[in-house]
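Asker: The structure is given below, and queries will be raised subsequently.
There are 2 protein chains.
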Amino acid sequence: MDFKQGAAIGIPYFTAYRALMHSARVKAGESVLVHGASGGVGLAACQIARAHGLKVLGTAGTEEGQNIVLKNGAHQAFNHREVNYVDKIKKYVGEKGIDVVIEMLANVNLSKDLSLLSCGGRVIIVGSRGPIEIVPRETMVKESSIIGVSLYSSTKEEFQQYAAALHAGMEIGWLKPVIGSQYPLEKVAQAHENIIYGSGTTGKMILLLQ
Amino acid sequence: MDFKQGAAIGIPYFTAYRALMHSARVKAGESVLVHGASGGVGLAACQIARAHGLKVLGTAGTEEGQNIVLKNGAHQAFNHREVNYVDKIKKYVGEKGIDVVIEMLANVNLSKDLSLLSCGGRVIIVGSRGPIEIVPRETMVKESSIIGVSLYSSTKEEFQQYAAALHAGMEIGWLKPVIGSQYPLEKVAQAHENIIYGSGTTGKMILLLQ
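If you read the protein sequences in the order shown, they are chains A and B. In this text, residue positions in the first sequence follow our numbering: the first is 1, and each later residue adds one. In this text, residue positions in the second sequence follow our numbering: the first is 1, and each later residue adds one.
Structure representation (structure tokens):
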């Protein structure tokens, strides 16, 4: 693994690992929808979930993104820019629904997520950029949960646990960071603009020192 | 305990027990806000939480309701019809926030609840009658959870567990059903209307066969 790939491990893989293991407490055999799967955290979530025996569904906003998602652990990819993609997911998973959603943009998707969940299902909120209207009763019928995650709430012991698990993933080979756009350090302001206003990510954005 | 009190045990106490123990996984020493505490489930939640070593706060919409809440396990009662009652709760609990909210009307209160929670706090949704706008990011910062509960999702083993715990509460004496309004069975339609459109409950509504 080179330095660029190394730079793409820290935040995405530790966040995805905490979201899946600590927050969602996933079990092998469960299904997970990575809602926004072609970015850094999304691809990490797909790789980790696939390596732990989950059925992995991912969404992306472009065909290129869908292909990267499929190459990195997802059994099936959907395009979240298609009007009827939620119906396609429902048809694919059947009546039982999805056990876990890893949600990168809750202010857009949370209400859809609740409709996709199985009984006892969990939506893990990794990202959100504003308010959204939901129908709380939807959580009652299926006894589902909405759970926020923030990497920096981890204890030192948890960080060590995640590091050990991810190190094993590197040794075995399922952990393979995907590099997206690259910027020289002096263009960091532009990088921030593009990650917020751009769309259709394919991997982890990194900054280069030279 | 007479038959009227017996009629007031089933749904409220089993629901409150499942919400606190199964869904919120409360621990002694934690704080709980029963948001809508003067009804059947609310008073049951106050009694159960107090008996298990929690710090209990309850809200009601009338002074009479607040007094009943205080008589049934709450350390402190607030009036949710006062404009600034959320600020009063915040002042009472301090910076740490509330560990668990048992929520009877999520479509009105869920957003306030999120602002009241401690790190790792949980809102348990027992009732809701419509949509509400929330800011999902609020769950991320504190890694809080929104969890729906429905009594009839319980397994047979869980029902037996709850029955055993509540039976012990009757023997010891902390389980004391509070009877609210009483209707003869032939006025059941009126009873339904009043429970939906009325306000300021004080105990469990029951129907009488004669």
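Where is the CB? At the ideal position from N, CA and C, for every residue including glycine.
Using only CA atoms, which one of I195/A, S145/A and S199/A lies nearest to L207/A?
Answerer: When only C-alpha atoms are compared, the closest one is I195/A.
Asker: Give me whichever residues DSSP pairs with A77/B in a beta bridge.
Answerer: Bridge partners of A77/B: G58/B.
Asker: Using a Cβ-Cβ cutoff of less than 6 Å, which residues in the same chain neighbour A74/A once the five nearest sequence positions on both sides are dropped?
Answerer: The residues are C46, V56 and G58.
Asker: Taking contact to mean 3 or more Cβ pairs, one atom from each stretch, closer than 8 Å, check whether the stretch 37 to 44 of chain A and the stretch 132 to 150 of chain A are in contact.
Answerer: These segments do not touch.
Asker: Entirely within the stretch 74 to 131 of chain B and at least 4 residues each: give me those alpha helix (DSSP H) ranges in chain order.
Answerer: Taking only runs of at least 4 residues, the alpha helix (DSSP H) segments lying wholly in the stretch 74 to 131 of chain B are 85 to 93 and 106 to 116.
Asker: Take V26/B as the anchor and find which of A106/B, I102/B and H192/B has the nearest alpha-carbon.
Answerer: Taking only the C-alpha atoms, the option nearest V26/B is I102/B.
Asker: Answer yes if the stretch 153 to 172 of chain B comes into contact with the stretch 170 to 184 of chain A, meaning at least three C-beta pairs across the two stretches below 8 Å, and no otherwise.
Answerer: Segments in contact, no.
Asker: Shortest alpha-carbon distance to T62/A belongs to which of H80/A, K71/A and A51/A?
Answerer: Of the listed residues, the one whose Cα sits closest to T62/A is H80/A.
Asker: Which residues in the same chain as R18/B place their Cβ atom closer than 8 Å to its Cβ, once the five residues preceding and following it in sequence are excluded?
Answerer: Counting only Cβ-Cβ distances below 8 Å, and skipping sequence neighbours, we find V149, L151, S154, E158 and Y162.
Asker: Contact check, D211/A vs G65/A under 8 Å by CB: the rounded distance?
Answerer: In this structure chain A extends from 1 to 210, so residue 211/A is not present and cannot be described.
Asker: Report, in whole angstroms, the separation of the C-beta atoms of L117/B and K91/B, which I expect to be a contact under 8 Å.
Answerer: About 16 Å; that fails the 8 Å criterion.
Asker: Would the beta-carbon of M170/B fall within 8 Å of that of A191/B?
Answerer: In this structure, A191/B does not lie closer than 8 Å to M170/B by Cβ.
Asker: According to DSSP, simplified to helix, strand and coil, what is K27/A?
Answerer: Three-state result, K27/A: coil.
Asker: Let me know the secondary structure DSSP gives Y172/B once reduced to three states.
Answerer: As written in the sequence, residue 172/B is Ile, which differs from the Tyr given in the question. If DSSP states are grouped into helix, strand and coil, I172/B belongs with the helices.
Asker: With distances taken between CB atoms, is the gap from V83/A to T15/A smaller than 8 Å?
Answerer: No; because the gap between Cβ atoms is not below 8 Å, this pair is not in contact.
Asker: Comparing alpha-carbon positions, which option in G53/A, I146/A and G6/A lies nearest A28/A?
Answerer: Checking every option, the nearest Cα to that of A28/A belongs to G53/A.
Asker: DSSP three-state label for E143/B, please.
Answerer: Of the three classes helix, strand and coil, the one that applies to E143/B here is coil, per DSSP.
Asker: Determine, for V41/B, whether the minimum Cβ-Cβ distance to residues of chain A falls below 8 Å.
Answerer: No, because no Cβ of chain A sits closer than 8 Å to the Cβ of V41/B.
Asker: Out of N109/A, E186/A, V34/A and M104/A, which has the shortest C-alpha to C-alpha gap to N72/A?
Answerer: Minimum Cα distance to N72/A is reached at V34/A.
Asker: Does the Cβ of M104/B have 16 or more other Cβ atoms within 10 Å, making it buried, or fewer, making it exposed?
Answerer: Buried, since its Cβ has 16 or more Cβ neighbours within 10 Å.
Asker: Residues bridged to V32/B by DSSP?
Answerer: Answer is V56/B and V100/B, bridged to V32/B.
Asker: Does any residue of chain A bring its CB to less than 8 Å from the CB of I98/B?
Answerer: So, not an interface residue.
Asker: Check whether the Cβ of L110/A lies closer than 8 Å to any Cβ atom in chain B.
Answerer: With 8 Å as the cut-off, L110/A counts as an interface residue toward chain B.
Asker: What is the DSSP secondary structure of M1/A, counted as helix, strand or coil?
Answerer: The answer is coil: DSSP assigns M1/A none of H, G, I, E or B.
Asker: Ordered along the chain, which non-local residues of its own chain (more than five positions away) have a Cβ less than 6 Å from that of G203/A?
Answerer: The residues are V178, I179 and G180.
Asker: Using a C-beta cutoff of 8 Å, does A106/A count as contacting chain B?
Answerer: At least one chain B Cβ lies under 8 Å of A106/A.
Asker: Check the DSSP bridge columns for I9/A and list the partner residues they point to.
Answerer: I9/A pairs with nothing; no bridge assigned.
Asker: Going by DSSP, what residues sit across from P136/B in a beta bridge?
Answerer: In the DSSP output, where bridge partners are listed per residue, P136/B has none listed.
Asker: Excluding five sequence neighbours on each side, which residues of the same chain lie with their C-beta closer than 8 Å to the C-beta of A8/A?
Answerer: Taken in chain order, the residues that qualify are G40, P177, V178, I179, G203, K204 and I206.
Asker: Residues in its own chain within less than 6 Å of V123/A by CB, not counting five upstream and five downstream?
Answerer: Within the same chain, V123/A has close Cβ partners V101, E103, D113 and I146.
Asker: Determine the chain B residues that contact K142/A at a beta-carbon separation under 9 Å, and present them in chain order.
Answerer: In chain order: G148, S150 and S153.
Asker: Since Y206/B sits in a beta bridge, which residues does DSSP pair it with?
Answerer: Sequence check: residue 206/B is Ile here, not Tyr. Answer is Q182/B.
Asker: On the three-state DSSP scale, how would you describe G65/A?
Answerer: The answer is helix: DSSP assigns G65/A an H, G or I state.
Asker: With which residues is G148/A paired in a DSSP beta bridge?
Answerer: Note: G148/A sits in a beta bridge opposite I125/A.
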